[in-house]
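Single-structure report; data block below.
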Amino acid sequence: MLQINDTLAIADDEIEETFLRASGPGGQNVNKVSSAVQLRFDAAQSPSLPEAVRQRLVRLAGSKATSEGVIVITANRFRNQPQNREDARDRLIDLVRKALHVPKPRRPTKPTYGSKLKRMDTKRRRGEVKAGRRDRGSGE
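Residue numbers (the numbering used here): 73 to 212.
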């Protein structure tokens, strides 16, 4: 079980992990050992997540999500498989936790009377400054 918070957990059978060869540093070891981890989680079909969380999760995942709603996380930050596996799982947990947060709806507001007066006063003063710079056509 992948524990997200006190009330939510994702079953291990919902997560598919594939191990592949990583690029980057590691010398000869990187060519022989499959230390990178590709974690796949079908968020769109997951029975563990509420519908609203599923939709937010796929939207938050962005390019990590396929068109079918499968989230693919590739971890190859570390040189060994257990650390990369833990890293991929941690990244999935962080993503799901962000999706659990319900965004507060934005309520459009109108400018206050005081802010309108202040804006108009500033505009008037700026206009006076610019008017003072104008050539009055003195005829010289």
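We put the beta carbon where it would ideally sit given N, CA and C, even for glycine.
query: So what's I165 in DSSP terms, helix, strand or just coil?; result: helix
query: R93: buried (16+ other C-beta within 10 angstroms of its C-beta) or exposed?; result: exposed
query: Can at least three beta-carbon pairs, one atom from the stretch 180–197 and one from the stretch 139–150, be found at a separation below 8 Å?; result: no
query: Just the C-alpha distance for G141 and R197, rounded to the nearest angstrom, thanks.; result: 56 Å
query: With respect to 7 Å, is the separation between the Cβ of K176 and the closest non-hydrogen atom of the ligand ZN below this value?; result: Among the components modelled here there is no ligand, and therefore nothing to report on the ligand ZN.
query: Taking its Cβ as the centre, do 16 or more other Cβ atoms sit within 10 Å of K156, making it buried, or is it exposed?; result: What sits at residue 156 in the sequence shown is Asn, not Lys. Classification of N156: buried, given that the 10 Å Cβ count is 16 or more.
query: What is the DSSP secondary structure of V130, counted as helix, strand or coil?; result: helix
query: According to DSSP, which residues form a beta bridge with Q117?; result: Answer by DSSP bridge pairing: none, since Q117 is not bridged.
query: Around the C-beta of R126, are 16 or more other C-beta atoms found within 10 angstroms, so that it is buried, or is it exposed?; result: buried
query: Is it true that the stretch 100–110 meets the stretch 118–136, where meeting means three or more beta-carbon pairs spaced less than 8 Å apart?; result: no
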